[in-house]
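In UniProt numbering, the protein residues as written are 1 to 190.
Right, one structure below, let's go through it.
Laid out in structure tokens, this is it:
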């Protein structure tokens with residue numbers, strides 16, 4: 001059986017490539033990621049990988065939006081305050097997992113002039129767009145003050161959690177997530 005069918009890679013091949021790519025990202029980060037090295041270390045055919053993923057950026061974005069991006073589901077509790085808490089708790093659970101912590105660490109910027117910057121920006125824009133529905137619903141319910149930028153509100157919510165996960169190693173427990181969510185809620189509520 002071929003690793004590529006008319007619609008793209010077989011599910012088995014895609015899973016193998018994604019697993020290998022996640023491993024490469026945790027070990028080498030975004031800036032040093034290489035399809036050739038991935039293929040070599042994992043016994044995968046470079047040609048087949050490049051048939052579906054044209055370059056490193058395409059593969060990285062596909063892998064990271066498939067994994068963490070799938071987990072970044074927009075909650076719908078009926079309340080902005082509770083949605084913010086759910087987002088914070090979800091991020092805390094992700095960055096507290098071994099793989100989540102390693103993947104988040106791979107996002108750190110080593111060299112700001114490298115191509116990886118655009119990969120990171122694309123990932124953030126897609127995730128922020130997927131989660132912006134939380135703020136649209138809050139606006140419709142009259143819970144959000146005018147002029148709030150959803151992406152900035154998400155940065156305010158998620159940055160403290162990433163700070164603890166990647167820099168200080170302090171606990172990211174439910175009381176902390178509640179405190180961060182409440183601070184953001186106070187800043188953006190109507």
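Ideal Cβ placement from N, Cα and C applies to all residues, glycine included.
Taking the alpha-carbon of residue i as reference, which of the options has the nearest alpha-carbon?
i: residue 91; options: 189, 31, 163 and 9; result: 163
i: residue 25; options: 102, 94, 77 and 73; result: 102
i: residue 181; options: 157, 108, 143 and 129; result: 157
i: residue 131; options: 73, 147 and 149; result: 73
i: residue 99; options: 23, 183 and 16; result: 23
i: residue 61; options: 149, 29, 79 and 76; result: 29
i: residue 65; options: 87, 129 and 77; result: 129
i: residue 76; options: 148, 135 and 14; result: 135
i: residue 174; options: 107, 109 and 89; result: 89
i: residue 125; options: 144, 151, 109 and 45; result: 151
i: residue 139; options: 78, 15 and 161; result: 78
i: residue 155; options: 15, 110, 87 and 27; result: 87
Taking the alpha-carbon positions, what's the residue i to residue j distance?
i: residue 115; j: residue 55; result: 12 Å
i: residue 85; j: residue 133; result: 15 Å
i: residue 59; j: residue 105; result: 18 Å
i: residue 171; j: residue 35; result: 36 Å
i: residue 96; j: residue 168; result: 13 Å
i: residue 127; j: residue 153; result: 13 Å
i: residue 41; j: residue 141; result: 52 Å
i: residue 189; j: residue 177; result: 18 Å
i: residue 18; j: residue 31; result: 17 Å
i: residue 44; j: residue 149; result: 43 Å
Go ahead and label residue i buried or exposed: buried means 16 or more other beta carbons lie within 10 angstroms of its beta carbon, across all protein chains shown.
i: residue 11; result: exposed
i: residue 159; result: exposed
i: residue 137; result: buried
i: residue 9; result: buried
i: residue 2; result: In this prediction, residue 2 has a pLDDT of 42, which is less than 50 and means its spatial position is unreliable; what the coordinates show is noted afterwards. Exposed, by the Cβ-count rule.
i: residue 63; result: buried
Counting only the same chain and skipping the five closest in sequence on each side, list residues whose C-beta sits under 6 Å from that of residue i.
i: residue 81; result: 185
i: residue 20; result: 38 and 42
i: residue 83; result: 75, 77 and 134
Quick one: what's got a C-beta closer than 7 Å to residue i's C-beta in the same chain, skipping five residues either side?
i: residue 4; result: Its pLDDT being 45, under 50, residue 4 is placed unreliably by the model, and nothing is read from it.
i: residue 33; result: 24, 25, 56 and 60
i: residue 93; result: none
Pair every Cβ in the stretch 36 to 53 with every Cβ in the stretch 111 to 130, then say whether three or more of these pairs are closer than 8 Å.
no
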